[in-house]
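K.L.:
Protein sequence lines, in the order shown, are assigned to chains A and B. Just so we're aligned, residue 1 is where the first sequence starts under my numbering, counting upward by one. Just so we're aligned, residue 1 is where the second sequence starts under my numbering, counting upward by one.
There are 2 protein chains.
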Amino acid sequence: MIPGPASPDHRVLLAMSRRVINHRGPEFKRLLEEIQEKLKYVFQTKNPVVILTSSGTGGMEFAVGNVVGDGDVVLIPSMGFFCDRFARIVESYGGRVSWIPVEWGFPVKPDMVEEAFKKESNVKAILLVHNETSTGVLVRDLPEISRIAHEHGALVIVDAISSLGGIDLPVDRWGIDACVTGSQKCIAAPPGLALVSVSERFVEEAKRKKTRSLYFDLEAYLDYMEKGQTPYTPSVPLFYALDEALKMIVEEGLEARIRRHRKCSEAFYKAVEALGLEVYPREPEYRSVTVIAIKVPKGVEAEELRKVMSEKYGVVIGGGHGRLKGLIVRIGCMGNVSAYEVLATVNALESSLAELGYRIEEPGRALAEAGKAL
Amino acid sequence: MIPGPASPDHRVLLAMSRRVINHRGPEFKRLLEEIQEKLKYVFQTKNPVVILTSSGTGGMEFAVGNVVGDGDVVLIPSMGFFCDRFARIVESYGGRVSWIPVEWGFPVKPDMVEEAFKKESNVKAILLVHNETSTGVLVRDLPEISRIAHEHGALVIVDAISSLGGIDLPVDRWGIDACVTGSQKCIAAPPGLALVSVSERFVEEAKRKKTRSLYFDLEAYLDYMEKGQTPYTPSVPLFYALDEALKMIVEEGLEARIRRHRKCSEAFYKAVEALGLEVYPREPEYRSVTVIAIKVPKGVEAEELRKVMSEKYGVVIGGGHGRLKGLIVRIGCMGNVSAYEVLATVNALESSLAELGYRIEEPGRALAEAGKAL
């Protein structure tokens with residue numbers, strides 16, 4: 001129950017044991033076409049979705065490096081660890097980051113974006129983390145923010161690594177120019193592939209610019225995509241697994257999948273409240289659907305809590321990143337998450353807290369509340 | 001029988017169906033340590049071997065981008081397609097390529113390297129493709145070339161993607177500063193991981209330089225390696241597969257594995273001669289051990305030959321890259337290659353050639369010659 005990688009289903013894991021085929025042959029071409037079609041469904045886009053053999057960070061670098069170069073100004077709201085990572089990539093490609101100050105635990109709001117555009121001219125792009133895994137905060141105003149950015153002629157680049165496939169994100173309708181996700185979170189395939197949708201505008205901008213990376217050069221991927229190939233050797237077993245995981249999404253239906261994610265997260269939040277614990281994001285409407293960030297109560301050590309949950313109950317949860325280390329714990333609620341995982345995790349959390357001396361007002365109520373929400 | 005990816009053994013493929021573990025936990029740390037130890041054995045090095053979730057090209061970019069920057073001069077012998085790829089990476093990182101002209105089908109020789117160093121001062125590195133897959137040529141003078149480069153203060157960066165694990169390449173003894181390979185060739189794991197050994201000198205040079213890629217930044221990999229982690233989400237199933245493939249190398253023994261590769265390639269070359277065909281590399285001593293490049297005889301179409309071999313005999317071989325397209329075919333001889341693969345391929349080649357109107361002087365002699373060599 002860590003905030004990703006999610007546990008892939010057995011069907012997905014076993015798909016990897018198929019024969020490694022020639023990635024320059026007709027079989028691979030068919031596989032790629034089938035994956036592409038399903039990715040368009042999950043991304044809710046008509047545009048191509050580039051598949052990189054890399055982690056999600058590689059996808060972030062791809063989305064930045066193809067359009068941002070020396071001296072380009074990029075807006076980034078400072079909402080957590082992964083916003084900082086975006087900034088480091090921008091700087092490594094010679095761009096200048098103009099921060100939109102946001103207090104951790106809160107999301108960026110449209111008026112802040114509007115104001116930031118007034119202060120800076122010639123902004124190349126706004127970089128947003130849709131679901132900031134480090135703080136458990138979800139940016140719900142993405143459509144409005146995207147509209148503002150386009151009014152100012154800026155590209156909208158979204159890190160949806162921990163949300164796409166589990167939270168509604170209609171890429172075309174919301175006007176997102178590059179949407180990045182990884183294979184290993186809500187899509188529930190194993191880690192190792194980054195998926196990036198690219199709008200026409202993004203492609204045009206990238207063509208005007210020479211990127212500095214060969215491995216992450218958009219044009220090469222688009223050229224080879226037409227041949228039904230990738231420019232460099234793809235990890236064929238990961239492509240098999242992705243195909244199988246996408247099949248499972250199609251079978252479940254994207255809407256039903258998003259509903260399941262929402263239900264499970266509601267169950268978690270109800271349980272957390274019943275335990276008398278505080279959620280890290282201050283406003284309920286900005287709480288993430290896929291990562292539940294909980295403040296560790298006074299008197300309990302975060303690492304001790306995680307250790308007891310893992311060793312005694314077999315439930316592994318995440319800790320806090322950077323300056324939130326020791327202050328919060330984080331529960332992943334993504335991929336194949338269901339009542340089984342929610343209830344077992346709530347039970348382990350309650351029992352472990354009690355064991356570490358935390359006083360539970362009404363033992364068992366957290367489970368009951370979670371059950372009702374499921 | 002394409003020139004990679006090699007077909008992984010079932011043991012290796014099935015290893016991927018194990019549970020995806022937390023890559024920030026103790027289990028992954030142990031896995032990484034075990035892989036590291038075996039990689040040192042295969043690379044014949046005491047230095048760290050960085051593992052990237054990317055194709056081999058990502059590994060080439062990593063080896064170049066961490067030490068080459070604006071205005072740096074880099075020597076590259078022009079021996080084929082993958083030398084060109086190295087050059088494109090150098091240029092994308094702002095470096096200047098000083099070509100050592102080499103006729104395709106021949107390897108670079110030490111006197112050419114000596115001469116190139118006389119013409120250029122302040123050479124940052126020499127970039128060598130150990131085994132040029134596009135032409136089937138092996139650089140046998142690597143130790144001597146490496147010695148010359150070090151005398152001139154240059155780093156030695158080697159693309160050993162299609163050779164390491166199948167051809168002897170004692171990285172430390174030959175003074176190679178960065179040796180790049182992929183998981184999918186002679187190591188016979190599935191594609192998706194790049195492996196790069198880095199010498200102390202390479203690390204020092206990289207630390208003096210700020211690289212432009214976050215995903216391929218050496219310092220992050222070295223920092224996380226100390227914690228038993230990778231900086232970005234690793235493809236856990238590919239790590240399982242790599243571990244299993246490395247176990248198989250340890251069980252076979254590196255020396256025996258190298259001997260097996262040599263024997264199989266000798267069998268192929270004997271058979272090719274018995275069929276009256278010409279090998280592409282002009283001098284027998286520079287013929288590759290892992291990729292057999294054969295000129296297509298007059299009157300036979302390369303693509304037709306490949307098609308018949310594949311459709312009628314189930315043996316898939318490679319064609320020529322770029323300007324060698326249509327002129328040569330290429331047979332992979334790597335990974336788990338054994339008498340089974342060699343004999344079936346020779347038989348398919350002979351039968352397909354005969355079917356396409358090529359006159360075989362002594363039918364069956366090619367198989368007999370191959371058999372004797374095995």
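Virtual Cβ for every residue (Gly too), placed ideally from N, Cα, C. All of these numbers come straight from a predicted model, not from anything done at the bench.
1. Kindly indicate which three-state DSSP category Cys-83(A) falls into: helix, strand or coil?
2. Thinking C-alpha only, which one of Ser-54(B), Ser-55(B), Glu-37(B) and Gly-56(B) is nearest Asn-47(B)?
3. Can you give me the Cβ contacts of Glu-120(B) inside the same chain, cut-off strictly under 6 Å, excluding the 5 residues immediately before and after it?
4. Using the three-state DSSP reduction, which class does Pro-197(B) fall into: helix, strand or coil?
5. If the cut-off is 7 Å on Cβ atoms, which residues from the segment 187-214 of chain A count as contacting chain B, listed in chain order?
6. Quick one: give me the first and last residue of the alpha helix (DSSP H) that Pro-107(B) is part of.
7. Select from the segment 64-97 of chain A all residues with a C-beta closer than 7 Å to any C-beta belonging to chain B, and list them in chain order.
8. Could you please tell me which residues of the segment 26-59 of chain B, in chain order, have their CB closer than 7 Å to any CB of chain A?
9. Do Asn-336(A) and Leu-367(A) have their CB atoms nearer than 8 Å?
10. Would you list, in sequence order, the uninterrupted alpha helix (DSSP H) runs of no fewer than 4 residues that lie entirely inside the segment 156-237 of chain B?
11. Does the CB of Thr-181(A) have a neighbour CB from chain B at under 8 Å?
12. For Ser-352(A) and Leu-52(A), what's the separation of their Cα atoms in angstroms?
13. My output table needs one value for Ser-352(A): the three-state DSSP class, helix, strand or coil.
14. Between the segment 110-126 of chain A and chain B, which residues of the former have CB atoms less than 7 Å from a CB of the latter, in chain order?
15. Compute the Euclidean distance between the alpha carbons of Ile-2(B) and Val-329(B), then round it to the nearest angstrom.
16. Taking Cβ-Cβ distances below 9 Å as the criterion, which residues of the segment 231-242 of chain B are in contact with chain A?
17. Go through the segment 235-309 of chain B residue by residue and report every complete run of the alpha helix (DSSP H) that reaches 4 residues or more, in order.
18. Of all the CB atoms in chain A, is at least one closer than 8 Å to the CB of Leu-277(B)?
19. Contact between the segment 65-72 of chain B and the segment 256-269 of chain B: three or more CB pairs below 8 Å?
20. Return helix, strand or coil for Val-42(A), following the three-state DSSP convention.
21. How many angstroms separate the CA atom of Ile-294(A) from the CA atom of Leu-275(A)?
22. Using a Cβ cut-off of 8 Å (strictly closer), state whether Ile-157(B) contacts chain A.
23. List the residues of chain B whose Cβ lies closer than 7 Å to the Cβ of Ile-2(A), in chain order.
24. Taking the beta carbon of Ser-338(B) as the centre, do at least 16 other beta carbons fall within 10 Å, making it buried, or is it exposed?
25. Can you find a C-beta in chain A that's less than 8 Å from the C-beta of Pro-8(B)?
26. List, in chain order, every chain B residue whose beta-carbon is nearer than 9 Å to that of Gln-229(A).
27. Based on DSSP bridge pairs, tell me the residues matched to Gln-5(B).
28. Just the Cα atoms here: how many angstroms apart are Ile-167(B) and Leu-305(B)?
29. What is the rounded straight-line gap between the Cα of Val-64(B) and the Cα of Ile-89(B)?
30. Under a CB-based cut-off of 8 Å, is Leu-324(B) close to chain E?
31. Less than 8 Å between the C-beta atoms of Val-180(A) and Asp-159(A), yes or no?
32. List the residues of chain A that Ser-17(B) touches, going by C-beta distances under 8 Å, in chain order.
33. Tell me the rounded alpha-carbon separation between Ser-288(A) and Pro-8(B).
34. What are the boundary residues of the beta strand (DSSP E) that includes Ser-98(B)?
35. Below 8 Å between beta carbons: does that hold for Cys-186(B) and Leu-164(B)?
36. What's the C-alpha gap between Ala-87(A) and Phe-43(B)?
P.N.:
Let me lay it out:
1. Cys-83(A) falls in the helix class under three-state DSSP.
2. Minimum Cα distance to Asn-47(B) is reached at Glu-37(B).
3. Cβ within range, chain order: Val-73 and Ser-98.
4. The displayed chain sequence assigns Ser, not Pro, to residue 197(B). Looking at Ser-197(B) - three-state DSSP - the assignment turns out to be strand.
5. Correct list: Pro-190, Pro-191, Gly-192, Arg-212, Ser-213 and Leu-214.
6. It is not in any alpha helix (DSSP H) - Pro-107(B) carries neither H nor E in the DSSP assignment.
7. Only those residues of the segment 64-97 of chain A whose C-beta falls short of 7 Å from the nearest C-beta of chain B are listed: Arg-88, Ile-89, Ser-92 and Tyr-93.
8. Here the close residues are Thr-53, Ser-54, Ser-55, Gly-56, Thr-57 and Gly-58.
9. Cβ distance not < 8 Å, so Asn-336(A) and Leu-367(A) don't count as in contact.
10. The segment 156-237 of chain B contains these whole alpha helix (DSSP H) runs: 200-208 and 218-226.
11. Not one chain B Cβ lies under 8 Å of Thr-181(A).
12. A direct Cα-to-Cα measurement between Ser-352(A) and Leu-52(A) gives close to 40 Å.
13. Three-state result, Ser-352(A): helix.
14. Within the segment 110-126 of chain A, no residue has a Cβ that lies closer than 7 Å to any Cβ of chain B.
15. Separation of Ile-2(B) and Val-329(B) (C-alpha to C-alpha, rounded to the nearest whole angstrom) is 10 Å.
16. Listed in chain order, the positions of the segment 231-242 of chain B with a beta carbon within less than 9 Å of a beta carbon of chain A are Pro-231, Tyr-232, Thr-233, Pro-234, Ser-235, Val-236, Pro-237, Leu-238 and Ala-241.
17. Taking only runs of at least 4 residues, the alpha helix (DSSP H) segments lying wholly in the segment 235-309 of chain B are 236-252 and 254-274.
18. Chain A, which has no Cβ nearer than 8 Å to the Cβ of Leu-277(B), makes this no.
19. In this structure the segment 65-72 of chain B does not lie against the segment 256-269 of chain B, because fewer than three pairs of beta carbons, one per stretch, are closer than 8 Å.
20. If DSSP states are grouped into helix, strand and coil, Val-42(A) belongs with the helices.
21. As the crow flies, the alpha-carbon of Ile-294(A) is around 11 Å from that of Leu-275(A).
22. Output row for Ile-157(B): interface = no.
23. Chain-ordered, the chain B residues with CB closer than 7 Å to the CB of Ile-2(A) read Asn-22.
24. Burial call: exposed.
25. So yes, Pro-8(B) belongs to the interface.
26. Those within 9 Å of Gln-229(A) in chain B number zero; the least Cβ separation is about 12 Å.
27. According to the sequence shown, residue 5(B) is Pro rather than Gln. According to the DSSP secondary-structure assignment, Pro-5(B) is paired through a beta bridge with no residue.
28. Between Ile-167(B) and Leu-305(B), the alpha-carbon positions lie close to 28 Å from each other.
29. If I take the Cα positions, the gap works out to 7 Å.
30. The structure shown contains no chain E; its protein chains are A and B.
31. Their beta carbons are under 8 Å apart, which means Val-180(A) touches Asp-159(A) by this criterion.
32. Near Ser-17(B) (Cβ distances below 8 Å), the residues of chain A are His-10, Leu-13, Leu-14, Met-16 and Ser-17.
33. Annotation: Ser-288(A) to Pro-8(B) spans about 41 Å, alpha carbon to alpha carbon.
34. Unbroken beta strand (DSSP E) run through Ser-98(B): 96-101.
35. Remark: C-beta atoms of Cys-186(B) and Leu-164(B) approach each other more closely than 8 Å.
36. Going from the Cα of Ala-87(A) to the Cα of Phe-43(B) covers about 36 Å.
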